Amino acid sequence: MTGSAFDDAALLLLREALDLDTRDERERLLSERCTDQPGLRERVQAMLARIEADEASSTPEPAADPLLGERLGPFRVVEAIGRGGMGRVYRGEREGADFHQHVAIKLIRRGFDFDDIRARFLRERRILARLSHPNLARFIDGGVAPDGRPWFALEYVHGRTLTRWCDCERLDLRARVALFLDVCAAVQYAHTQLVVHRDLKPANVLVDDAGRVRLLDFGVAGLLAGDADDAVDPSTLGQRHALTPEYAAPEQLAGEGAGVAVDVYALGVMLYEVIAGVLPLAIDRRDPVAAARAVREQPAQALALAIARAGDAAADALPQRLAARRTTLRAYRADTRGDLGRIVEKALAKEPLRRYATAQAFADDLARWLAGAPVHVAGNGTGYRLGKFIGRHRLALGFSVFALAAAAAFGAYHFATLHAQLRLTEAQRNRAEASLDFMRNLLASPDPQMGVGADTRLGDFLQRSAATLQGNARLDAEIRAELAVTIADSLKSIDRYDDALAIAHGVAEAPASTPSAWTTRVHAATLIGEIQTLQGDYEKSLAQLDDATRLADSHAVGDPLTIANLLSVQSIAYNHLGRWDDSARLIDRAVEVAAPIADRHPEVFANLLGFASIPRGYPKTDLPAAEALLRRSLAFQEAHGLKSSGLYPNTQGELAQTLIDEGRFEEAEPMLLDVVAQMKQRFGPTHRETSFKLSGLALLYFRWNRFDDSRRWRDEATAAMRAALGERHPFVALGLIESADLAFQAGDTRRAAADAAAAAPMADENDREEFTQRASLYAAAARCEAGDPGASTLLRDRVAALGDAFGARAFDVRVAAARCLNRLGRHAEALAVIEAFAARLHAGGKIARNDYFEPAIARIRAAAAGASSS
Amino acid sequence: MAEAGNDSVTRLLQRWSDGDAAALDLLLPLVYADLRRIAAGALRAAPGHSTLQTTALVHDVLLRLLGHAPTTFENGAHLLNASARMMRQVLIDRARKAQTEKRGGRWLRDDFTEALELPIPDGTDLAALDRALNELESVHQRMAKVVELRYFVGLEVNEVAATLGITERTARRDWVAAREWLRERLEQPA
Chain A
1 MTGSAFDDAA
11 LLLLREALDL
21 DTRDERERLL
31 SERCTDQPGL
41 RERVQAMLAR
51 IEADEASSTP
61 EPAADPLLGE
71 RLGPFRVVEA
81 IGRGGMGRVY
91 RGEREGADFH
101 QHVAIKLIRR
111 GFDFDDIRAR
121 FLRERRILAR
131 LSHPNLARFI
141 DGGVAPDGRP
151 WFALEYVHGR
161 TLTRWCDCER
171 LDLRARVALF
181 LDVCAAVQYA
191 HTQLVVHRDL
201 KPANVLVDDA
211 GRVRLLDFGV
221 AGLLAGDADD
231 AVDPSTLGQR
241 HALTPEYAAP
251 EQLAGEGAGV
261 AVDVYALGVM
271 LYEVIAGVLP
281 LAIDRRDPVA
291 AARAVREQPA
301 QALALAIARA
311 GDAAADALPQ
321 RLAARRTTLR
331 AYRADTRGDL
341 GRIVEKALAK
351 EPLRRYATAQ
361 AFADDLARWL
371 AGAPVHVAGN
381 GTGYRLGKFI
391 GRHRLALGFS
401 VFALAAAAAF
411 GAYHFATLHA
421 QLRLTEAQRN
431 RAEASLDFMR
441 NLLASPDPQM
451 GVGADTRLGD
461 FLQRSAATLQ
471 GNARLDAEIR
481 AELAVTIADS
491 LKSIDRYDDA
501 LAIAHGVAEA
511 PASTPSAWTT
521 RVHAATLIGE
531 IQTLQGDYEK
541 SLAQLDDATR
551 LADSHAVGDP
561 LTIANLLSVQ
571 SIAYNHLGRW
581 DDSARLIDRA
591 VEVAAPIADR
601 HPEVFANLLG
611 FASIPRGYPK
621 TDLPAAEALL
631 RRSLAFQEAH
641 GLKSSGLYPN
651 TQGELAQTLI
661 DEGRFEEAEP
671 MLLDVVAQMK
681 QRFGPTHRET
691 SFKLSGLALL
701 YFRWNRFDDS
711 RRWRDEATAA
721 MRAALGERHP
731 FVALGLIESA
741 DLAFQAGDTR
751 RAAADAAAAA
761 PMADENDREE
771 FTQRASLYAA
781 AARCEAGDPG
791 ASTLLRDRVA
801 ALGDAFGARA
811 FDVRVAAARC
821 LNRLGRHAEA
831 LAVIEAFAAR
841 LHAGGKIARN
851 DYFEPAIARI
861 RAAAAGASSS
Chain B
871 MAEAGNDSVT
881 RLLQRWSDGD
891 AAALDLLLPL
901 VYADLRRIAA
911 GALRAAPGHS
921 TLQTTALVHD
931 VLLRLLGHAP
941 TTFENGAHLL
951 NASARMMRQV
961 LIDRARKAQT
971 EKRGGRWLRD
981 DFTEALELPI
991 PDGTDLAALD
1001 RALNELESVH
1011 QRMAKVVELR
1021 YFVGLEVNEV
1031 AATLGITERT
1041 ARRDWVAARE
1051 WLRERLEQPA
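Line by line, the protein sequences are chains A and B.
So the first sequence is numbered by the numbering used here: it starts at 1 and just counts up by one.
So the second sequence is numbered by the numbering used here: it starts at 871 and just counts up by one.
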């Protein structure tokens, strides 16, 4: 028998013996089996003896953690309480004569003591040691364990995570927001100490039994400035540090952005979760690329709706969530629909520049909301302003979207070039350092007039930044100019035109010598013109933009984005003046100039193509060209992965609108239905963007003379707008006027009168007169239909006052009068009123709206003829 | 104090698939902690809150190591058996490589099993263990399985029993016998 066979026999026998319960039985078995195998019995007996000894000593099988019971510095390690990916946390105790201190001790997990992990651990320790705030777990001590691993001890916080605590304590929304202010305070404090947390999430925010918030785990925190080895290198951040994708800002997932803005974003996600009980976005962790794209592109669902989302929770989550908030669905929605929703939305903005500039500013708006005071973010959105300027419905909804998107893209571009420049050459390193120093002062200055003080709104912050910038002589003049233009651009985008102008003028008029300096001058000069356009001063703007053009020409500024920006701003100004040819010419050149960089800045280029459709499509001078441009933009977006961006459905919507203008309703219909479905999915059924597209759908059916369909969508659109924008928003007024027009054409004059009357007082300055006229027209028609003969006189006067005015508005007045006269049995007069219009129409008037005019004319004729023949 | 982070796993997986071989050293211990949690949950037929997503991550890692599609794991037991096989291979390969390169690689062997939280005794000669297990397999396959699940996945004896569909008592006796036998084998000069 070989040794191996002997071993095998021993094993099988051992195993068999173990199935017997008593020693006697086992002995009997061994005696039976080992008769012809010398040594086998002894061998198995020895093994059995060892096994019995093991069982008797009853040591727990898994090796106990060798650290338990050991001393680290003054502390005895009591128990393991937590394990991160690469860290371990123990509870430690220090026993003194008259005290008993509990601490949380953190070490690197054994076997993970690599250089980079160790360096990060030591950095966390350094960072924590310099922080002291009531809402941060206090740093107590640090040292090196016997096995060489560094450790540190923090105050031991016995508490529950923020979300758990809120639910367990059944805090209502206001109490949740109030508690959240403490989280903001801790984060803001860290920021003033130049520490960015970068991994804010509920698991890192504990609330102790006394209700005090404690922020934990600075494991991936970074310093905005400081020791060379502590400074943040944004380019390696994505690889080096663990992120929690649910709470990571878009720029963080892209491996950039290590600043304050990532913490503001994470605070936004946390507040969203605290309020709604679900995350703003569902993230697929299995696919980091898809997750990053979702975070970058997918807007958060409106807070008001999110609470009902099942997520991965049980089906009855909604009643539980409501109960935990001591509220009803109706009350919850009322609370979150307005300012609170907008505040959270702003914190969650995809672009860092559009977020609150500081945790403090975020907290300030929340405090205002709690106090019932008007919040900074509400009611002055750029879209709303642009809408006012452009005045007309269709343009307002289409154009402003492009303008906003383009402005955002340009803003991001300028930040990008700034950063690129800061890194460019060895010679520029000093400049970069000076600039960093400046940012540090900005964020950390103890002087509340200069730094992020108690009352920081974004605008004030930017304003102060600009002032500080100007006074900073250490900074290179060109870096200062770049930063100033960027700040001015941001001020513009939050409607602080005068402040933005002052800064832009300062830059535009400063001397320059290098090509990049001239580029900055041109950018500043363009910005001035853009603001003048936003202020409605188009002539002045065009003169300014001509100056900017000359400046660019004489200094050979050829940067494609700068020039394309200049040309598109000029084009917009011409658009406002109704100079469509000029507008088209300039935007075409912008497209041409930007074409070589289209692949590097696809969103900008796709926007420009959309812009280019406006001077063709809006005045309807060249609808096929507008259509071609929009189709080109869509194809470009598809080819450049922008299909899931917000721009895509908007461009589709514009294309559908153009098709409607071309009378190609059958093609527009499926496209718009698809856009509406996309919008509902992306934003929810009552989001602003959704409401605009619903309105477009109502308009389609209106123009198609499918009044019943139009009515259905119109009512949905109006309800959505009211929910999204508030009762008295100018867009709601526009929607009501469209509703009135629809009711009037569909024959419901009383509804028309009621809707127009409701809209008239809500109209903003530009539209008030027209709205009022329309309200009085429909009111007169309604009185007329109710049998009031005085109303017909009024309508006849209105027709007389029209003279030979020709157009949709004049037409509506004529239709109202004709219908009124028909009702009074004065059919000849009714026909006269309408035929005067029909004659001009058939003599070669506007063909594009024939689909609107002709059926209405036919209805008047039929009513007159039917009445005469009966 | 965060829970073992799925974020880290995702990130390391990315690094690993980008060609960073060292990421696997960090990845496996993290995945293994999850794997054991899944095992505990699955065997109790009471999946925890994060189980689905964690399971998917673990599947993803194992898929790349084993070349199986995750769907081919019929059930938790199958997954665990495959994992044990895989980890045994990984550890043996590492040990052999460390021997031939004479520099031990980045990891000390014991540190790695420690990081994986596997109950393999300190100082075990992994190559010898592998040979002994092969032999054990030819004598008593079930016992070899018990050891594999215990040593290379880190399952508790009751979990081993559930995985193999045997009583806990049987599993414990298998384990005790096999461990004792292995101890003797490995103490013998090779």
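Cβ atoms here follow ideal geometry from the backbone N, Cα and C, with glycine treated the same way.
Keep in mind that this is a model prediction, so the values were computed, not measured.
If you follow the alpha helix (DSSP H) that residue i is part of, which residue opens it and which one closes it?
i: residue 610(A); result: 602-617
i: residue 540(A); result: 538-554
i: residue 727(A); result: Neither: residue 727(A) is in no alpha helix (DSSP H) and is coded neither H nor E.
i: residue 528(A); result: 515-534
i: residue 831(A); result: 827-842
i: residue 106(A); result: No alpha helix (DSSP H) holds residue 106(A); the beta strand (DSSP E) holding it covers 100-108.
i: residue 268(A); result: 260-276
i: residue 659(A); result: 647-661
i: residue 1044(B); result: 1038-1057
i: residue 36(A); result: No alpha helix (DSSP H) contains residue 36(A), which DSSP labels as neither H nor E.
i: residue 1030(B); result: 1027-1034
i: residue 303(A); result: 303-306
State yes or no: is the beta carbon of residue i nearer than 8 angstroms to at least one beta carbon in chain A?
i: residue 918(B); result: Confidence in residue 918(B) is poor, its pLDDT being 37 and thus under 50, which makes the residue's placement unreliable; the coordinate value appears in the next sentence. No, because no Cβ of chain A sits closer than 8 angstroms to the Cβ of residue 918(B).
i: residue 1050(B); result: yes
i: residue 973(B); result: Residue confidence is low: residue 973(B) scores 47 on pLDDT, short of 50, so the model does not pin down where it sits. Its coordinate-derived value is still stated next. Not one chain A Cβ lies under 8 angstroms of residue 973(B).
i: residue 1018(B); result: no
i: residue 948(B); result: no
i: residue 965(B); result: no
i: residue 1021(B); result: no
i: residue 1046(B); result: yes
Is it the case that the Cβ atoms of residue i and residue j are separated by a distance below 8 angstroms?
i: residue 816(A); j: residue 856(A); result: no
i: residue 696(A); j: residue 656(A); result: yes
i: residue 178(A); j: residue 157(A); result: no
i: residue 15(A); j: residue 948(B); result: no
i: residue 752(A); j: residue 740(A); result: yes
i: residue 307(A); j: residue 276(A); result: yes
i: residue 72(A); j: residue 143(A); result: yes
i: residue 941(A); j: residue 778(A); result: Missing from the structure shown is residue 941(A); chain A here goes from 1 to 870 and no further.
i: residue 999(B); j: residue 902(B); result: no
i: residue 791(A); j: residue 783(A); result: yes
i: residue 1023(B); j: residue 961(B); result: no
Please confirm whether residue i has its beta-carbon closer than 8 angstroms to some beta-carbon of chain B.
i: residue 47(A); result: yes
i: residue 279(A); result: no
i: residue 72(A); result: no
i: residue 11(A); result: yes
i: residue 343(A); result: no
i: residue 537(A); result: no
i: residue 51(A); result: yes
i: residue 353(A); result: no
i: residue 15(A); result: yes
i: residue 8(A); result: yes
Between which two residues does the beta strand (DSSP E) harbouring residue i extend?
i: residue 155(A); result: 150-155
i: residue 92(A); result: 87-95
i: residue 163(A); result: From DSSP, residue 163(A) is part of no beta strand (DSSP E) but of the alpha helix (DSSP H) over 162-168.
i: residue 139(A); result: 139-144
i: residue 501(A); result: No beta strand (DSSP E) holds residue 501(A); the alpha helix (DSSP H) holding it covers 497-508.
Measuring from the CB of residue i, is there a heavy atom of the ligand FMN at a distance below 7 angstroms?
i: residue 810(A); result: What this structure holds is no ligand at all, so the ligand FMN is not there to describe.
With a threshold of 8 angstroms between beta-carbons, can residue i be considered close to chain C, or not?
i: residue 18(A); result: The chain inventory of the structure shown lacks chain C, comprising the protein chains A and B.
Meets three-Cβ-pair contact criterion under 8 angstroms: the segment 506-526 of chain A and the segment 549-565 of chain A: Three or more beta-carbon pairs separated by less than 8 angstroms link the segment 506-526 of chain A to the segment 549-565 of chain A, which places the two stretches in contact.
Determine contact between the segment 684-696 of chain A and the segment 713-722 of chain A, defined as no fewer than three beta-carbon pairs at a distance below 8 angstroms. Yes, they touch.
Stretch pair the segment 615-629 of chain A + the segment 594-607 of chain A: three plus CB contacts closer than 8 angstroms: The segment 615-629 of chain A makes no contact with the segment 594-607 of chain A: fewer than 3 CB pairs, one atom from each, lie closer than 8 angstroms.
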